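Below: one structure, written as structure tokens.
In the numbering used here, the protein residues as written are 61 to 501.
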């Protein structure tokens, strides 16, 4: 099906495009239909970051809300049929994404302090335990306060890992470590984890009807599944009570003596600017690789592990989001003779602006346009927050991005050709061949 739309009374039977037509009754063609789909997907991602920002400082969301409202209006029937206007509106959505991530980052660091590097125990669990998955740092702080001196240990999962880097969160001694990898291993984890499990934002895996952990699953705010317990008005009493009823986690087969490193927020990395610039000028750092994005189930994500593993030792890896769990167990060491880590975890997906801030600082210091810097960008995408991140990069004029592991189905040949010609967007193939193209001679 080249297009599909059934939003108005004029729609053909079963929706415009269902019988093979490439133009809807209103005159909207396949390209415009798909561009409007991308707008909606971008707004979904934008709304996630807007929601986090609104919780921290509602005075900062008005400009974001205006773009969301205008863009939704743009997609109504019989509003706009101009291709360039659609692209301009997408760039406006992307610019809003830049603003919301910048403001959210500043709000996080203002409230929780600037993250600094920290080693976090991985899969080592003990005592009464709560495992927290999602992105909501404010909710985590409230939970840490509520469970203080209650004999309960708090562990992070997936995108909550970067919480350990924030001084105002890691000051709580019962914030212990991380368990598991990306979001989609929840069901497997909960079969082994003997405590309770809280999902505070998107990326929840719906439990199967015969699962054995539904009575230990709690959800927060917008998140919900049938049979789980919803936390209302930040009241954690029921969660605490159920956690204390659970058996201790001592001796479960999750225990491993391994660690992960996080806490390389861009504001911390920029304090290393003189050392980084010296390393570049001395030829000790040849190239930066932004290997980041959303992870999804399947073997396709192993591309990113293979790529990271085979990068030369004079390169630095910048990462964020849950895609890093494909390779963040690897010890990449340091750039020889500098003390600069080769692996830098900028944080959650909403911290993707960090790579841009680092690039902007390098651009200014080296008097070199961003697209001419020794930086290669290889992203994985899974859902709508990745769409807003990509639109944000496009709105800043960032080019030469590799995207995988699968091409988005909502982008057709015409739109991809436009993105390829305008931004030199390239789809990933295999790590070995792509690396040959990405490495600067």
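Don't be surprised by glycine CBs; every beta carbon is placed ideally from N, CA and C. These figures come from a predicted structure and were not determined experimentally.
Exercise. Run through DSSP, which three-state label would residue 179 get?
Worked result: strand
For this session: On the DSSP bridge assignment, give the partners of residue 188 in chain order.
Result: Under the DSSP definition of a beta bridge, residue 188 partners with 212.
Problem set entry | Spatially closest choice to residue 502 from 456, 397, 390, 396, by CA coordinates | A query on residue 502 cannot be resolved here, the shown segment of the chain reaching from 61 to 501 and no further.
Exercise. Going by beta carbon distance, what residues of the same chain come within less than 6 Å of residue 104, once the five residues before and after it are set aside?
Worked result: 444
For this session: Could you tell me how far apart the beta carbons of residue 351 and residue 329 are, in whole angstroms, since I believe they sit closer than 8 Å?
Result: Their Cβ separation, rounded to whole angstroms, is 16 Å, which puts residue 351 and residue 329 out of contact at 8 Å.
Problem set entry | For residue 501, the first and last residue of its enclosing alpha helix (DSSP H) | Per DSSP, residue 501 belongs to no alpha helix (DSSP H) and is neither H nor E.
Exercise. Looking at the unbroken alpha helix (DSSP H) that takes in residue 464, where does it start and where does it end?
Worked result: Not the alpha helix (DSSP H): residue 464 falls in the beta strand (DSSP E), residues 461-464.
Problem set entry | residue 380 - DSSP class collapsed to helix/strand/coil | It is coil, neither helix nor strand.
Exercise. Is the Cβ-Cβ distance between residue 383 and residue 358 less than 8 Å?
Worked result: no
Problem set entry | Residue nearest to residue 453 in terms of C-alpha spacing, selected from 90, 414, 80, 252 | When each option's Cα is compared against that of residue 453, the closest is 414.
Problem set entry | residue 372 versus residue 74: straight-line alpha-carbon distance, rounded | 54 Å
For this session: Just list the beta strand (DSSP E) runs in the stretch 61-95, keeping only unbroken ones of 3 residues or longer that don't cross its boundaries, in chain order.
Result: none
Exercise. What is the residue span of the alpha helix (DSSP H) that residue 369 lies within?
Worked result: 362-370
Exercise. Taking just the CA atoms, how far does residue 439 sit from residue 197?
Worked result: 24 Å
For this session: Just list the beta strand (DSSP E) runs in the stretch 392-420, keeping only unbroken ones of 3 residues or longer that don't cross its boundaries, in chain order.
Result: 403-405
For this session: Go ahead and pull the three-state DSSP assignment for residue 108.
Result: Residue 108: helix per DSSP, three-state reduction.
For this session: For the beta strand (DSSP E) holding residue 237, just list the boundary residues, first then last.
Result: 235-238
Exercise. For residue 476, which beta-bridge partners are listed by DSSP?
Worked result: Answer is none; residue 476 lacks a bridge partner.
Exercise. Should residue 300 go down as buried or exposed, given a rule of 16 or more other Cβ atoms within 10 Å for buried?
Worked result: buried
Exercise. What span of residues does the beta strand (DSSP E) with residue 288 cover, start to end?
Worked result: Where residue 288 is concerned, there is no enclosing beta strand (DSSP E), given that its DSSP letter is neither H nor E.
Exercise. Could you check where the beta strand (DSSP E) with residue 352 kicks off and where it finishes?
Worked result: 347-353
For this session: Please name the residue or residues paired with residue 280 in a DSSP beta bridge.
Result: Residue pairing by DSSP puts residue 280 in a beta bridge opposite 291.
For this session: Identify, in the order they occur along the chain, each residue of the same chain with its Cβ nearer than 8 Å to the Cβ of residue 397, setting aside the five sequence neighbours on each side.
Result: Contacts found: 344.
Problem set entry | Simplified DSSP state of residue 158, which is helix, strand or coil | In the structure shown, the three-state DSSP call for residue 158 is helix.
Exercise. Is residue 238 near residue 180, with beta carbons less than 8 Å apart?
Worked result: yes
For this session: Take residue 186 and list the residues in its own chain whose beta-carbon comes closer than 7 Å to its own, dropping the five residues that flank it on each side.
Result: Excluding positions up to five away in sequence, the list reads 213, 309, 310.
Exercise. Do you know how far the Cα of residue 394 is from the Cα of residue 403?
Worked result: Each residue's alpha carbon lies about 8 Å from the other.
For this session: Taking only the alpha-carbon atoms, compute the straight-line gap between residue 554 and residue 278 and give it to the nearest angstrom.
Result: This structure does not reach residue 554, given that the chain is present from 61 up to 501, and the question cannot be answered.
Exercise. Going by Cα to Cα distance, which pick from 361, 152, 326 is closest to residue 451?
Worked result: 152
For this session: Write down the C-beta distance between residue 117 and residue 167 rounded to the nearest angstrom, noting that I regard them as a contact closer than 8 Å.
Result: 5 Å
Exercise. Rounded to a whole number of angstroms, what is the C-alpha to C-alpha distance between residue 240 and residue 318?
Worked result: 12 Å
Problem set entry | C-alpha distance - residue 223 paired with residue 192, whole-angstrom precision | C-alpha separation (whole angstroms): 11 Å.
Problem set entry | Member of 471, 416, 131 whose CA lies at the smallest distance from the CA of residue 458 | 416
For this session: Name, in chain order, the residues that DSSP records as bridge partners for residue 321.
Result: 179
For this session: Would you list the one or two residues that DSSP bridges to residue 437?
Result: 350, 461
For this session: Enumerate in chain order the residues of its own chain whose CB-to-CB distance from residue 355 is below 7 Å, with the five nearest sequence positions on each side excluded.
Result: 242, 361, 382, 383, 385, 386, 440, 442
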